[in-house]
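Enquirer:
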Amino acid sequence: MSGTSRPRAQVPGEIGIWAFVAGDLLVFSVFFILIAFGQKEMTDVFSTSRESLNLYFGLCNTLLLLTGSWFVAIGVERCRDGQGSDNARWFKLAIGCGLAFVLNKIFEWEAKIGAGFTPLTNDFFMYFFIFTGIHLLHVVVGVVVLIFLLKVSQRPTLNSRDIRTLESGGIFWHLVDLLWIMLFALLYLL
Amino acid sequence: MDSNTQSSHKSDGFFRSALAFGGYSGYAAIILFIIGGVWLGGMLPPLLNASDSPAQVVAKVSDNLFAIQIGSIFLIASFALFGSFGAGMAMQVRRYETTPGWSYIQLIFTAAGTTLALIVAFAWALMVFRPETYHPSIVLMWADLAYFIALFSVPVFGGWCVMVALSIFFAEEGNEPFPRWAGYLNLWMVLLFAPGQMIMFFKEGPFAWHGLIAMYLPFIAFFIWIGVMSHLMIKIAKEESE
Numbered sequence: 001m002s003g004t005s006r007p008r009a010q011v012p013g014e015i016g017i018w019a020f021v022a023g024d025l026l027v028f029s030v031f032f033i034l035i036a037f038g039q040k041e042m043t044d045v046f047s048t049s050r051e052s053l054n055l056y057f058g059l060c061n062t063l064l065l066l067t068g069s070w071f072v073a074i075g076v077e078r079c080r081d082g083q084g085s086d087n088a089r090w091f092k093l094a095i096g097c098g099l100a101f102v103l104n105k106i107f108e109w110e111a112k113i114g115a116g117f118t119p120l121t122n123d124f125f126m127y128f129f130i131f132t133g134i135h136l137l138h139v140v141v142g143v144v145v146l147i148f149l150l151k152v153s154q155r156p157t158l159n160s161r162d163i164r165t166l167e168s169g170g171i172f173w174h175l176v177d178l179l180w181i182m183l184f185a186l187l188y189l190l
Numbered sequence: 191m192d193s194n195t196q197s198s199h200k201s202d203g204f205f206r207s208a209l210a211f212g213g214y215s216g217y218a219a220i221i222l223f224i225i226g227g228v229w230l231g232g233m234l235p236p237l238l239n240a241s242d243s244p245a246q247v248v249a250k251v252s253d254n255l256f257a258i259q260i261g262s263i264f265l266i267a268s269f270a271l272f273g274s275f276g277a278g279m280a281m282q283v284r285r286y287e288t289t290p291g292w293s294y295i296q297l298i299f300t301a302a303g304t305t306l307a308l309i310v311a312f313a314w315a316l317m318v319f320r321p322e323t324y325h326p327s328i329v330l331m332w333a334d335l336a337y338f339i340a341l342f343s344v345p346v347f348g349g350w351c352v353m354v355a356l357s358i359f360f361a362e363e364g365n366e367p368f369p370r371w372a373g374y375l376n377l378w379m380v381l382l383f384a385p386g387q388m389i390m391f392f393k394e395g396p397f398a399w400h401g402l403i404a405m406y407l408p409f410i411a412f413f414i415w416i417g418v419m420s421h422l423m424i425k426i427a428k429e430e431s432e
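If you read the protein sequences in the order shown, they are chains A and B. Counting from 1, position 4 in the first sequence corresponds to residue 4 in the numbering used here; the numbering is continuous, with no gaps. For the numbering used here, count along the second sequence from 1 and bump the result up by 190.
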């Protein structure tokens with residue numbers, strides 16, 4: 001692959017994706033602050049509501065995203081270094097993790113709504129459904145991005161633009177992972 | 191976009207004037223909104239509250255009747271300019287296409303976004319047309335309608351940004367209609383608009399139509415987006431005339 005002859009960039013991807021990451025982190029920081037304020041103002045409501053969450057759903061989703069990120073990192077690295085002949089499989093595995101996350105989240109929401117908890121129940125569940133919903137939107141977009149990366153990785157030769165696309169897409173998936181870890185800590189563990 | 195782009199897409203003065211017009215339309219839309227929506231109209235920050243009773247809405251509107259009426263005139267002028275602003279971006283994309291594609295899709299989103307924005311201004315104007323005659327719940331409904339059309343239309347305004355982003359990312363390497371960072375900016379905007387759909391579920395708090403996340407964030411992001419894309423259009427027009 002032509003990727004082997006490409007000089008290693010110091011910063012993966014391109015400046016735009018890093019600006020996007022910074023911007024998204026900025027917005028989610030506001031969300032995190034809102035949860036923290038809620039926790040401070042309504043400690044009892046938040047603690048009681050948190051106890052009704054199933055930690056295993058959250059833990060399972062954390063592991064799925066971390067594993068998915070690992071697959072993406074391997075796939076991007078191998079494409080960049082021109083290693084192997086079937087690098088697409090790493091992206092297929094990551095897509096599988098992403099889809100499993102979506103499925104798991106649907107089951108979790110279904111269980112919560114079935115038990116009578118909705119975004120209107122209290123502020124904790126408002127934040128729970130909306131912020132995990134916005135994150136779920138990120139996951140769905142991330143899966144679409146991974147499908148695109150899968151197609152790119154299947155090209156017979158990869159030029160510098162392809163490598164940049166793979167790196168940028170990978171960075172987005174890692175962002176999805178990072179955001180979830182913060183949400184998991186604030187909503188399930190605090 | 192690099193210097194090769196500039197040299198390979200020489201434009202005539204007629205086109206450059208139209209592109210700059212698109213950019214200045216965006217600037218004008220921002221200024222008119224600040225006058226009509228922020229200063230006079232009470233749209234942002236919101237004079238009204240999603241949890242206000244119909245009687246409270248009528249009282250607030252009646253107390254600020256003339257200012258909101260004048261503000262509505264500025265608002266509709268601001269929103270009408272979305273058309274030439276969006277057309278400017280589509281024109282710039284069209285120059286980079288052999289066969290028209292993304293530019294047409296952008297035009298459709300421009301038309302839809304402009305139409306929706308105009309309905310926002312109509313609803314805002316009707317809210318202050320004769321609040322003393324309408325049943326109070328109808329006055330409240332005009333306010334609901336204005337904010338719902340502005341904020342709940344994420345697929346239209348967000349879709350518009352996605353189409354601009356895709357036209358950048360799918361362009362030939364080094365031959366993009368706008369800088370690649372603008373593509374990422376457009377995608378980020380979609381995420382900022384997205385919480386607007388939460389207004390369906392809440393009448394209080396940050397996700398109501400007067401709230402920090404569902405209202406301030408999308409509104410401010412939208413006008414920043416207009417400002418940045420307008421700046422790029424004017425910059426391109428100026429650079430190509432040199």
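From the three backbone atoms N, C-alpha and C, an ideal C-beta is built for every residue, glycine too. All values reported here derive from a predicted model rather than from experimental measurement.
1. May I ask you to list, following chain order, the residues of the segment 355–371 of chain B that have a beta carbon less than 7 Å from some beta carbon of chain A?
2. Determine the contact status of V143 (chain A) and G84 (chain A), defining contact as a CB-CB distance below 8 Å.
3. Inspect the CB distances between the segment 127–143 of chain A and the segment 22–40 of chain A and report whether three or more fall short of 8 Å.
4. Counting beta carbon pairs with one atom in the segment 98–116 of chain A and one in the segment 156–172 of chain A, are three or more of them shorter than 8 Å?
5. Please specify which runs of the beta strand (DSSP E), each continuous and at least 3 residues long, are wholly inside the segment 258–342 of chain B, giving them in chain order.
6. If contact means a Cβ-Cβ distance below 9 Å, which residues of the segment 381–403 of chain B contact chain A?
7. Mind checking P156 (chain A): buried by the 16 CB within 10 Å criterion, or exposed?
8. So S262 (chain B) and G226 (chain B) are in contact, right, with Cβ under 8 Å, and what is the actual spacing, rounded?
9. Which same chain residues, not among the five before or five after L222 (chain A), have their C-beta less than 6 Å away from its C-beta?
10. What is the DSSP secondary structure of L63 (chain A), reduced to helix, strand or coil?
11. Under 8 Å, Cβ to Cβ, is there at least one residue of chain A near S193 (chain B)?
12. From this set, B:T304, B:I260, B:A361, which residue's C-alpha is nearest G291 (chain B)'s C-alpha?
13. Please tell me whether L265 (chain B) has its Cβ less than 8 Å away from any Cβ of chain A.
14. Compare the Cα-Cα distances from L308 (chain B) to each of B:F359, B:L335, B:K393, B:E429 and report the closest residue.
15. Below 8 Å between beta carbons: does that hold for P396 (chain B) and Y286 (chain B)?
16. Would you report the Cα separation of F392 (chain B) and Y337 (chain B), rounded to the nearest angstrom?
17. Quick one: which residues of the segment 104–136 of chain A get their C-beta closer than 8 Å to a C-beta of chain B? List them in chain order.
Expert: Based on what the coordinates show:
1. Those residues of the segment 355–371 of chain B placed with their C-beta closer than 7 Å to a C-beta in chain A are E363, R370, W371, ordered along the chain.
2. Taking the first residue of the first sequence as 1, we reach residue 143 (chain A) at position 143. Taking the first residue of the first sequence as 1, we reach residue 84 (chain A) at position 84. Remark: C-beta atoms of V143 (chain A) and G84 (chain A) do not approach each other more closely than 8 Å.
3. With the cut-off at 8 Å, the segment 127–143 of chain A and the segment 22–40 of chain A touch.
4. Flag = no, the segment 156–172 of chain A and the segment 98–116 of chain A do not touch.
5. List check, beta strand (DSSP E) in window: nothing returned.
6. Of all residues in the segment 381–403 of chain B, L381, L382, A384, P385, M388, F391, F392, G395, P396, F397, L402, I403 have a Cβ within less than 9 Å of some Cβ in chain A.
7. Working through the first sequence from its first residue, we reach residue 156 (chain A) at position 156. Exposed, since its Cβ has fewer than 16 Cβ neighbours within 10 Å.
8. For this step, residue 262 (chain B) is matched to residue 72 along the second sequence. For this step, residue 226 (chain B) is matched to residue 36 along the second sequence. With 8 Å as the limit, S262 (chain B) and G226 (chain B) qualify as a contact, their Cβ atoms being about 7 Å apart.
9. No answer is possible for residue 222 (chain A): the residues shown for chain A start at 1 and end at 190.
10. Taking the first residue of the first sequence as 1, we reach residue 63 (chain A) at position 63. Three-state DSSP puts L63 (chain A) in a helix.
11. Taking the second sequence and counting its residues from 1, the one referred to as residue 193 (chain B) is at position 3. In this predicted model, S193 (chain B) has a pLDDT of only 43, less than 50, meaning its place in the structure is not dependable; the value taken from the coordinates is given anyway. Cβ-Cβ to chain A under 8 Å: no for S193 (chain B).
12. Taking the second sequence and counting its residues from 1, one reaches residue 291 (chain B) at position 101. Of the listed residues, the one whose Cα sits closest to G291 (chain B) is B:A361.
13. Translated into positions along the second sequence, residue 265 (chain B) becomes position 75. So no, L265 (chain B) is outside the interface.
14. Stepping through the second sequence from its first residue, residue 308 (chain B) is reached at position 118. Measuring from the Cα of L308 (chain B), the nearest candidate turns out to be B:L335.
15. Walking along the second sequence from the start, residue 396 (chain B) turns up at place 206. Walking along the second sequence from the start, residue 286 (chain B) turns up at place 96. In this structure, Y286 (chain B) does not lie closer than 8 Å to P396 (chain B) by Cβ.
16. As a working mapping, residue 392 (chain B) is identified with position 202 in the second sequence. As a working mapping, residue 337 (chain B) is identified with position 147 in the second sequence. Each residue's alpha carbon lies about 13 Å from the other.
17. Hits within the stretch, in order: P119, L120, D123, M126, I130, I134.
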